[in-house]
Amino acid sequence: MALQIAVIDDWQDVARGVVDWSVLDAVGQVSFLHDYPADNEILAQRLVDFEVICVMRERTRFDEDLLRRLPKLKLLVTAGMRNAALDLKAAAALGIQVSGTDSYKHAAPELTWALIMAAMRNLVNEANALRAGKWQQGLGGDLHGKTLAILGLGSIGQRVAQFGQVFGMRVIAWSENLTADRAAEDGVTYVSKQQLFEQADVLSVHLVLSDRSRGLVDAQALAWMKPTALLVNTARGPIVDETALIKALQKQRLAGAALDVFEHEPLSEHHPFRTLDNVLATPHVGYVSEQNYHQFFSQMIEGIQAWAAGQPVRVLG
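Just so it is clear: in the sequence shown, position 122 is 214 by our numbering, and no numbers are missing.
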């Protein structure tokens, strides 16, 4: 009997065109669902007939309650090799295998730098003004000679640091596990947490979300920052205390924020980040790129084929 395979979290309804899913015809029938996440009751109704579900990283949450409502589910395939929205322990206990994919490593750093440039040079307002028949609305900021502060010098943080160096910026970094020697290998100056926030002209967040990093950019950290500084977050929304950031932006204790990630996604219709003049916000498109999606979906197909053949690859948990 043919497997019932769901591709969900396809918010833009693009998955079917990125790769050739017909190669799975010998394995099962593929359905594409681009609904947003919902409560577990609605999700269970939506997904109850599927044995294989392909998910995007940290969109729909598969907790133990939802997994128990899906008795036919045998395989979850996630984009990326880390997905905090999946309860791997519960999946294992229920006999549900979980596998992942590799990621295209350049998408998020490139988006980070696009946000930095657009925010510093006020590009969105200038472009919109030009469309409205106006000309030259204000002064853009400069990057050369300024300080780029990297919170989390992992693979993405390293690439963002390299871009900063190309632009002639002084680059500093801090995280709980970072050492001065490790930072120096990338030509980056290691500083303390407080110094990172105090010295930043642009502070870019590149930590993995964990119990330790959740809320790490809090009211105190924001208070350390210069009133002329820009905060950039393309990592995970909950790393930044959203209430504290909104307050700092409203009171102009911070020049601006460029954000691609939020506490709750999709962002609610009346959220302040949609209307604050000193916020440049994008809808979590850091990994939403042609090459990244091609890698995600082609390896999801590969993962399903391997599992169906009894030889699973990139197993998680």
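The beta carbon of each residue, even a glycine, is placed where N, CA and C say it ideally should be.
For residue i, the first and last residue of its enclosing alpha helix (DSSP H)
{"i": "Gly395", "result": "382-400"}
{"i": "Ala177", "result": "Element bounds for Ala177: n/a, residue is neither H nor E."}
{"i": "Gly249", "result": "247-258"}
{"i": "Asn269", "result": "Counting along the chain, Asn269 falls outside any alpha helix (DSSP H), and DSSP gives it neither H nor E."}
{"i": "Val405", "result": "Run containing Val405: none; DSSP gives neither H nor E here."}
{"i": "Ala219", "result": "215-223"}
{"i": "Ala311", "result": "311-316"}
Spatial neighbours of residue i in its chain, beta-carbon cut-off 6 Å, leaving aside the 5 residues before and after
{"i": "Asp127", "result": "none"}
{"i": "Met283", "result": "Just to set this straight, residue 283 is Val in the shown sequence, not Met. Counting only Cβ-Cβ distances below 6 Å, and skipping sequence neighbours, we find Ile264, Trp266."}
{"i": "Leu295", "result": "Ala241, Leu323"}
{"i": "Ala171", "result": "Met148, Arg149, Thr193, Phe388"}
{"i": "Asn132", "result": "Asp157, Leu158"}
{"i": "Tyr196", "result": "Gln383, Asn384, Gln387"}
{"i": "Ala136", "result": "Arg161"}
{"i": "Val332", "result": "Val309, Asn325"}
From the options, residue whose alpha carbon lies closest to that of residue i
{"i": "Val169", "options": "Val263, Gly192, Gln250", "result": "Gly192"}
{"i": "Gly76", "options": "Leu240, Ala275, Trp205, Leu245", "result": "Examination of residue 76 is not possible in this model, given that the chain is present from 93 through 409 alone."}
{"i": "Ala211", "options": "Val405, Asn384, Ala347, Glu361", "result": "Ala347"}
{"i": "Asp112", "options": "Gly402, Leu408, Met392", "result": "Met392"}
{"i": "Val263", "options": "Ala292, Arg274, Ile145, Asp273", "result": "Ala292"}
{"i": "Arg406", "options": "Glu156, Val332, Gly187, Met173", "result": "Met173"}
{"i": "Pro358", "options": "Ile145, Arg138, Thr152, His198", "result": "Thr152"}
{"i": "Gln229", "options": "Ala200, Ala400, Asn214", "result": "Asn214"}
{"i": "Gly187", "options": "Glu156, Ala171, Ser195, Leu203", "result": "Glu156"}
{"i": "Ala313", "options": "Val297, Asp141, Ala327, Ala94", "result": "Val297"}
{"i": "Ala398", "options": "Asn384, Val144, Asp369", "result": "Val144"}
{"i": "Arg328", "options": "Thr204, Leu139, Gln286", "result": "Thr204"}
{"i": "Val353", "options": "Asn132, Gln104, Arg149, Val115", "result": "Arg149"}
{"i": "Gly109", "options": "Ala349, Phe389, Ala171", "result": "Phe389"}
{"i": "Ala276", "options": "Leu135, Leu245, Gln342, Ala340", "result": "Leu245"}
{"i": "Ala94", "options": "Leu135, Asn175, Ile396", "result": "Ile396"}
{"i": "Val377", "options": "Leu139, Val190, Ala206, Ala185", "result": "Ala206"}
{"i": "Asp369", "options": "Ser360, Lys343, Pro375", "result": "Lys343"}
Close beta carbons around residue i, own chain, < 7 Å, minus the five adjacent residues each side
{"i": "Leu351", "result": "Asn325, Phe365, Val371, Ala373"}
Supposed close pair residue i, residue j - CB separation, criterion 8 Å
{"i": "Glu334", "j": "Glu355", "result": "5 Å"}
{"i": "Ala98", "j": "Phe142", "result": "4 Å"}
{"i": "Asp101", "j": "Phe124", "result": "Not a contact, Cβ separation roughly 10 Å."}
{"i": "Ile248", "j": "Ala200", "result": "5 Å"}
{"i": "Leu301", "j": "Leu243", "result": "Contact doesn't hold; Cβ gap of about 13 Å is too wide."}
{"i": "Val190", "j": "Gly409", "result": "5 Å"}
{"i": "Leu311", "j": "Ala336", "result": "One point to set straight first is that residue 311 is Ala, not Leu, in the sequence displayed. Correct: roughly 4 Å between the Cβ atoms."}
Start and end residues, beta strand (DSSP E) containing residue i
{"i": "Arg262", "result": "262-266"}
{"i": "Thr239", "result": "239-243"}
{"i": "Ser191", "result": "189-191"}
{"i": "Val144", "result": "144-147"}
{"i": "Thr170", "result": "167-170"}
{"i": "Gly120", "result": "120-124"}
{"i": "Ala350", "result": "348-351"}
Other residues of its chain near residue i: CB distance less than 8 Å, five sequence neighbours each side excluded
{"i": "Ala321", "result": "Ala292, Asp293, Val294, Leu295, Leu346, Ala347"}
{"i": "Val380", "result": "Gln104, Ala199"}
{"i": "Ala130", "result": "Arg138"}
Next on the checklist: Taking 8 Å as the cut-off, does the region 267-281 touch the region 213-225 (at least 3 CB pairs, one atom from each stretch)?
Outcome noted: no
Item to check | Stretch pair the region 176-183 + the region 228-240: three plus CB contacts closer than 8 Å | outcome: no
Item to check | Contact the region 153-171 vs the region 105-120: 3+ CB pairs below 8 Å | outcome: no
Checklist entry - Just checking, does the region 245-255 make contact with the region 304-323 on the three C-beta pairs under 8 Å criterion? => result no
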